[in-house]
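A.B. asks: Right, I'll just put the structure down here and ask away after.
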Amino acid sequence: MRVRIRAPSFGELAAEAGRALARIQLGGVATPPAGAWRRIEVRASDREALLVDWLNELIFLAETECWVPAEFQVVNTDTTLRVLARGVSVKEAPARVKAATFSGLEIRPIPGGLEAEVVFDV
Amino acid sequence: MTALDTIPSADLVHDIPATQRRDMRVPARVFADDELWKQIAHDRSLEQLMNVATLPGVTRCVYAMPDVHEGYGFPVGGVAAMRASDGVISPGGVGYDINCGVRLLISDLEEDAVRRRLPALVHELSRSIPSGTGRGTRVSLNDAELDRVLGEGCRYLVQRGQATPEDLETIEAGGSLMRADPGVVSPRAKARGRDQLGTLGSGNHFIEVQTIETVIEPTIAHVYGVEAGRVAVLVHTGSRGLGHQVCTDYVRLMDRIMPTSGITLPDRELACAPFASPEGQRYFGAMCAAANFAFANRQTISQRVRDVFQRFFGDAGRLRLVYDVAHNMAKLEEHDGELLCVHRKGATRAFGPGHPETPERYRAAGQPVFIPGSMGTRSYILAGTDAALGLSFGSTCHGAGRAMSRHAAKRATSGHAVRQALEAQGIAVACPSSGELAEEAPLAYKDVERVVDVVHRAGLARRVARLRPIGVIKG
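Chains as they are written, first to last, in numbering that gives the first Met the number 0: chain V, 0 to 121; chain P, 0 to 474.
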């Protein structure tokens, strides 16, 4: 499954990718996030790896904690994403998306920001 | 003689010479007839196959089976062998669903006896086997038990009373890969797999109740214990979230260390490490452990299927395991005296009668191979050939192969329409998601008859019997 994301900055791109993943995992059902904000942090050597690691962290949390992160406040440096997240608790862990991949992944500059295509293993 | 000198039939092979790209180390060969060749050209699978041909230590030729389609890094339906001495191992060459595979169980029941209770049977199978969601609910393993599943696979299940010694004789590698190392499977992977044993998973995973419609090779079918008219069960699943996490972990590890190994690749998803390196050995140990989990998963599901059949049909419902074979795996194999790490991603090992790894009871026939069709279409039992060793490192296809993306399939049809079409054919369906039913519609796949015809005529495997579905349980 290929998802195209556009955003004004890398931090916003990561947040938008997280929201897109949540929509897939929740089956398109618009459930408002609730509960306390949780801190999530990932580090990687470049932006593509950072994006893949970030999305795989969200997939891991959803599958192991039945918690789908869906709302994000992002602080980004070159090699780190520090995120406060709120999510949706679900009765059964979503298994629709199993991994985020590097397949064809490229983060490109576009007028007004960045664009990326992420391929999820489903 | 080069790898490309072995041509089974000129109309079934399409060769790409190593000179096609400066970075290719070996040529590529696609097994396909003209129609499949046209379909294959629609996606990036040929480009991906040529990318695979650039990997360090790749030897002879890389192959694409007739069901090949675009994957992540490697194409699905690709086969590549790397020298164990100086070649690499690539998690992407195995795939995320490590040891995704198929097993066939066969009963003495005739179709009429099953059809009378078919809707209830399909409902009960669906109820008894957790399917489309991440968490299972039936088997939860503590740390020590999970490590034993990872380390011993189905051998451990014999001790738990969930498999018989007879079952082990008819599972690839006895359902237990000896090189498995639970210690190199991450805590995250274990957390994902802890309560997923005995679950089907989502996507294209399924259980089908089928009838042996036609026996094509009676002598081989007899060796397999397969008779026309009998009811069988095909199980298709893999290593679930655990296998996916192992792949994710090691793609990232290898991606990080590649610059220090001096390896450059055309696609980051091909991340790899020398097989003999500490990282390569760690991945191989983790991959074998995830493969053991997958063997144990299919075995646990089989026990539940057996329980349901027993409840419905008594002793007549006894299900005997014909075979269990992987189609996402890297195996250490000797070919022409050389030790190779053979990557099969969406491709099935298909050893012939003469191969020492073909189970003793099937030595007269060759190793069984099962090729699921798409929902509602026929599936096939094939037999491995000795010739396939020279043609494709002893490999054949693994299914019909996608011809259309999931998104395109959902645009082209609906789950409701697919369900109606299947029920009109007398096929009972259980699937929790209408959308996923549409994604797996037969129109999204290549023609399995054509795929099987190619591998049969090319000598990669022999047609033995054709199966018709009567009940489908989708993950």
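Cβ atoms here follow ideal geometry from the backbone N, Cα and C, with glycine treated the same way.
For a cutoff of 8 Å on Cβ pairs, would you count E40(V) as touching chain P?
C.D. replies: Locating residue 40(V) in the first sequence gives position 41, counting from the first residue. For E40(V), the answer is no, since every Cβ of chain P falls outside 8 Å of its Cβ.
A.B. asks: Can you list, in chain order, the residues of the stretch 253 to 285 of chain P whose Cβ is nearer than 8 Å to any Cβ on chain V?
C.D. replies: Flagged, chain order: D254, R255, D266, R267, E268 and A270.
A.B. asks: Taking 8 Å as the CB-CB cut-off, is N55(V) touching chain B?
C.D. replies: No chain B appears in this structure, whose protein chains are V and P.
A.B. asks: Does the pairing of the stretch 254 to 270 of chain P with the stretch 141 to 156 of chain P give three or more beta-carbon distances under 8 Å?
C.D. replies: No contact exists between the stretch 254 to 270 of chain P and the stretch 141 to 156 of chain P.
A.B. asks: Any C-beta of chain V sitting closer than 8 Å to the C-beta of G345(P)?
C.D. replies: Stepping through the second sequence from its first residue, residue 345(P) is reached at position 346. Judged by the 8 Å Cβ criterion, G345(P) is not in contact with chain V.
A.B. asks: Can you check whether the C-beta of D52(V) is within less than 8 Å of a C-beta belonging to chain P?
C.D. replies: Locating residue 52(V) in the first sequence gives position 53, counting from the first residue. Interface residue, yes.
A.B. asks: Are the CB atoms of S394(P) and A457(P) nearer to each other than 8 Å?
C.D. replies: For this step, residue 394(P) is matched to residue 395 along the second sequence. For this step, residue 457(P) is matched to residue 458 along the second sequence. No. Outside cutoff.
A.B. asks: In chain V, what lies closer than 7 Å to G400(P) by C-beta?
C.D. replies: Position 401 of the second sequence, counted from the start, is the residue given in the question as residue 400(P). Neighbours of G400(P) on chain V: none; closest Cβ ~17 Å, over 7 Å.
A.B. asks: Taking the alpha-carbon positions, what's the V138(P) to R239(P) distance?
C.D. replies: The sequence position of residue 138(P) within the second sequence is 139, counting from 1. The sequence position of residue 239(P) within the second sequence is 240, counting from 1. Their backbone Cα atoms lie some 14 Å apart in a straight line.
A.B. asks: Leaving out five residues before and five after L338(P) in sequence, what residues of the same chain have Cβ atoms less than 6 Å from its Cβ?
C.D. replies: Counted from its first residue, the second sequence places residue 338(P) at position 339. Same-chain partners within the cutoff: A83.
A.B. asks: Report the three-state DSSP secondary structure of F379(P) (helix, strand or coil).
C.D. replies: By one-based count along the second sequence, residue 379(P) stands at place 380. Strictly speaking, residue 379(P) in this sequence is Tyr, with Phe absent from that position. Correct three-state label for Y379(P): strand.
A.B. asks: Rounded to whole angstroms, what's the CA-CA distance from I219(P) to V463(P)? Just pull it up for me.
C.D. replies: Looking up residue 219(P) in the second sequence gives position 220. Looking up residue 463(P) in the second sequence gives position 464. Approximately 7 Å, taken between the alpha carbons.
A.B. asks: Would you kindly work out how many angstroms separate the C-alpha atoms of V148(P) and A17(P), rounded to a whole number?
C.D. replies: Residue mapping note: residue 148(P) aligns to position 149 of the second sequence, counting from 1. Residue mapping note: residue 17(P) aligns to position 18 of the second sequence, counting from 1. Approximately 42 Å between the Cα atoms of the pair.
A.B. asks: What three-state label does DSSP hand T79(V) in the structure shown?
C.D. replies: Indexing the first sequence from 1 puts residue 79(V) at position 80. If DSSP states are grouped into helix, strand and coil, T79(V) belongs with the strands.
A.B. asks: Quick one: give me the first and last residue of the beta strand (DSSP E) that D323(P) is part of.
C.D. replies: In the second sequence, the residue the question calls residue 323(P) occupies position 324. Unbroken beta strand (DSSP E) run through D323(P): R319 to A325.
A.B. asks: Apart from the five residues on each side of it in sequence, which residues of its chain come closer than 8 Å, Cβ to Cβ, to G135(P)?
C.D. replies: On the second sequence, residue 135(P) is found 136 positions in, with the first residue counted as 1. For G135(P), the predicted structure reports a pLDDT of 45, less than 50, and the residue's modelled location is therefore unreliable. A value from the coordinates is still provided. So the qualifying residues of the chain are P129, D194, Q195, L196, G197 and T198.
A.B. asks: Report yes or no: is there a C-beta of chain P within less than 8 Å of the C-beta of S44(V)?
C.D. replies: Residue numbering aside, residue 44(V) sits at position 45 when the first sequence is read from its first letter. Taking Cβ atoms only, chain P reaches closer than 8 Å to S44(V), which makes this a yes.
A.B. asks: At a CB distance below 9 Å, what residues from the stretch 57 to 69 of chain V approach chain P? Give them in sequence order.
C.D. replies: Answer in chain order: I58, F59, A61, E62, T63 and C65.
A.B. asks: For C271(P) and F73(P), I'd like the C-alpha separation in whole angstroms.
C.D. replies: For the purposes of this step, residue 271(P) is identified with residue 272 of the second sequence, where counting begins at 1. For the purposes of this step, residue 73(P) is identified with residue 74 of the second sequence, where counting begins at 1. Roughly 12 Å separates the two Cα atoms.
A.B. asks: Where are the alpha helix (DSSP H) runs, 4 residues long or more, that stay fully inside the stretch 211 to 262 of chain P, in chain order?
C.D. replies: Whole alpha helix (DSSP H) segments, 4+ residues: 217 to 223 and 239 to 260.
A.B. asks: Can you name the residues of chain P whose CB is closer than 8 Å to the CB of F71(V)?
C.D. replies: As a first step, residue 71(V) is located in the first sequence; it is residue number 72 there, counting from the start. What F71(V) touches in chain P: nothing, since even the nearest Cβ is about 21 Å away.
A.B. asks: When you compare each of I426(P), V450(P), L421(P) and A411(P) to E438(P) by their alpha carbons, which one comes out closest?
C.D. replies: Sequence index remark: in the second sequence, residue 438(P) carries index 439 (1-based). Checked all of I426(P), V450(P), L421(P) and A411(P); the closest Cα to E438(P) is A411(P).
A.B. asks: Less than 8 Å between the CB atoms is what I'm expecting for R114(P) and I469(P), so what's the real figure, rounded?
C.D. replies: The residue labelled residue 114(P) in the question sits at position 115 within the second sequence. The residue labelled residue 469(P) in the question sits at position 470 within the second sequence. At roughly 7 Å, the Cβ-Cβ gap stays under 8 Å, so R114(P) and I469(P) are in contact.
A.B. asks: Which residues in the same chain as A440(P) place their Cβ atom closer than 6 Å to its Cβ, once the five residues preceding and following it in sequence are excluded?
C.D. replies: Residue mapping note: residue 440(P) aligns to position 441 of the second sequence, counting from 1. Result list for A440(P): A408, T412 and V417, in chain order.
A.B. asks: Between the beta-carbon of L54(P) and the beta-carbon of M81(P), is there less than 8 Å?
C.D. replies: The residue labelled residue 54(P) in the question sits at position 55 within the second sequence. The residue labelled residue 81(P) in the question sits at position 82 within the second sequence. Yes, the Cβ-Cβ distance between L54(P) and M81(P) is below 8 Å.
A.B. asks: Helix, strand or coil, according to DSSP, for R134(P) in the structure here?
C.D. replies: As a first step, residue 134(P) must be located in the second sequence, where it is residue number 135. In this prediction, R134(P) has a pLDDT of 46, which is less than 50 and means its spatial position is unreliable; what the coordinates show is noted afterwards. DSSP places R134(P) in coil when its eight states are reduced to three.
A.B. asks: Would you verify that the beta carbon of C153(P) is, or is not, closer than 8 Å to some beta carbon of chain V?
C.D. replies: Counting from one through the second sequence, the residue named residue 153(P) turns up at place 154. Chain V, which has no Cβ nearer than 8 Å to the Cβ of C153(P), makes this no.
A.B. asks: Considering only the alpha carbon of each residue, which of H415(P), P431(P), T384(P) and K445(P) lies closest to L404(P)?
C.D. replies: As a first step, residue 404(P) is located in the second sequence; it is residue number 405 there, counting from the start. In the sequence as displayed, the identity of residue 404(P) is Ser instead of Leu. Answer by Cα proximity: K445(P).
A.B. asks: Measure the C-alpha to C-alpha separation of E114(V) and Y62(P) and round it to an integer number of angstroms.
C.D. replies: Start at 1 with the first residue of the first sequence, and residue 114(V) comes out as number 115. Start at 1 with the first residue of the second sequence, and residue 62(P) comes out as number 63. Spanning the two alpha carbons is a distance of roughly 34 Å.
A.B. asks: Please classify S44(V) as buried or exposed, where buried requires at least 16 other C-beta atoms within 10 Å of its C-beta.
C.D. replies: Counting from 1 along the first sequence, the entry for residue 44(V) is found at position 45. By the neighbour-count rule (16 or more Cβ atoms within 10 Å), S44(V) is not buried but exposed.
A.B. asks: Using DSSP's beta-bridge definition, name the partner residues of W66(V).
C.D. replies: Indexing the first sequence from 1 puts residue 66(V) at position 67. W66(V) is bridged to S88(V).
A.B. asks: Taking the alpha-carbon positions, what's the E168(P) to Q158(P) distance?
C.D. replies: Translated into positions along the second sequence, residue 168(P) becomes position 169. Translated into positions along the second sequence, residue 158(P) becomes position 159. Spanning the two alpha carbons is a distance of roughly 15 Å.
A.B. asks: Check the Cβ of S102(V) against every Cβ in chain P and list those closer than 7 Å, keeping chain order.
C.D. replies: In the first sequence, counting from the first residue as 1, residue 102(V) sits at position 103. Here the neighbours are Y71, G72 and E268.
A.B. asks: Taking 8 Å as the CB-CB limit, is R95(V) close to chain P?
C.D. replies: Here residue 95(V) corresponds to residue number 96 of the first sequence, with the count starting at 1. Answer yes: the Cβ-Cβ gap between R95(V) and chain P drops below 8 Å somewhere.
A.B. asks: Could you give the residue range of the beta strand (DSSP E) that holds G56(P)?
C.D. replies: For the purposes of this step, residue 56(P) is identified with residue 57 of the second sequence, where counting begins at 1. Unbroken run through G56(P): none, as it is neither H nor E.
A.B. asks: Reducing DSSP to helix, strand and coil, say where R126(P) ends up.
C.D. replies: Taking the second sequence and counting its residues from 1, one reaches residue 126(P) at position 127. Three-state result, R126(P): helix.
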